[in-house]
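Structure, as structure tokens:
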Amino acid sequence: MQVLLNLEESYAVLMRMSSTILDNITLSEEGRDAIREWRKNRAMGTRELDDFVGTLNESLGNSIDERTTRRLRLRGGLFVTESEVRS
Numbered sequence: 000m001q002v003l004l005n006l007e008e009s010y011a012v013l014m015r016m017s018s019t020i021l022d023n024i025t026l027s028e029e030g031r032d033a034i035r036e037w038r039k040n041r042a043m044g045t046r047e048l049d050d051f052v053g054t055l056n057e058s059l060g061n062s063i064d065e066r067t068t069r070r071l072r073l074r075g076g077l078f079v080t081e082s083e084v085r086s
């Protein structure tokens, strides 16, 4: 399975992720400022956002690939892990 987020979708993930951290985790003011600065540096139209989109899509793809390759489909739609097949 291949999932690719476009620029706007990736930016929405970035904003949601950073807002959730700022709203729900107790951080020092320095920590909050660091997150705000990180987010500000990835505004629309910046190279940093372009890099973030590439990294996000690569990480998302790797995570999906790892989960998918660990499972094998057997007859009857039963799913087992590779280690279960070997034993």
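In this text, residue positions in the sequence shown follow numbering that gives the first Met the number 0: the first is 0, and each later residue adds one.
By construction, the Cβ of each residue, glycine as well, lies at the ideal position given by its N, Cα and C atoms.
**Length of the line joining the Cα atoms of R45 and D32** = Counted from its first residue, the sequence shown places residue 45 at position 46. Counted from its first residue, the sequence shown places residue 32 at position 33. The question names Arg, but residue 45 in the sequence shown is Thr. Taking the straight line joining both Cα atoms gives about 19 Å.
Quick check on the burial criterion: 16 or more other C-beta atoms within 10 angstroms. Buried or exposed for V52? As a working note, residue 52 is residue 53 in the sequence shown. Buried, since its Cβ has 16 or more Cβ neighbours within 10 Å.
- Task: Out of G60, I63, R38, state which residue places its alpha-carbon closest to the alpha-carbon of S18.
- Result: For this step, residue 18 is matched to residue 19 along the sequence shown. Residue R38 is the option with its Cα nearest to S18.
Give me the Cβ distance between L3 and N61, rounded to the nearest whole Å; I'm assuming they're in contact under 8 Å.
If you number the sequence shown from 1, residue 3 lands on position 4. If you number the sequence shown from 1, residue 61 lands on position 62. About 13 Å separates the two Cβ atoms, so there is no contact after all.
Notebook entry, point to check: In whole angstroms, what separates the C-alpha of L59 from that of L26?
Noted result: Translated into positions along the sequence shown, residue 59 becomes position 60. Translated into positions along the sequence shown, residue 26 becomes position 27. Taken atom to atom, the span from the alpha-carbon of L59 to that of L26 is near 27 Å.
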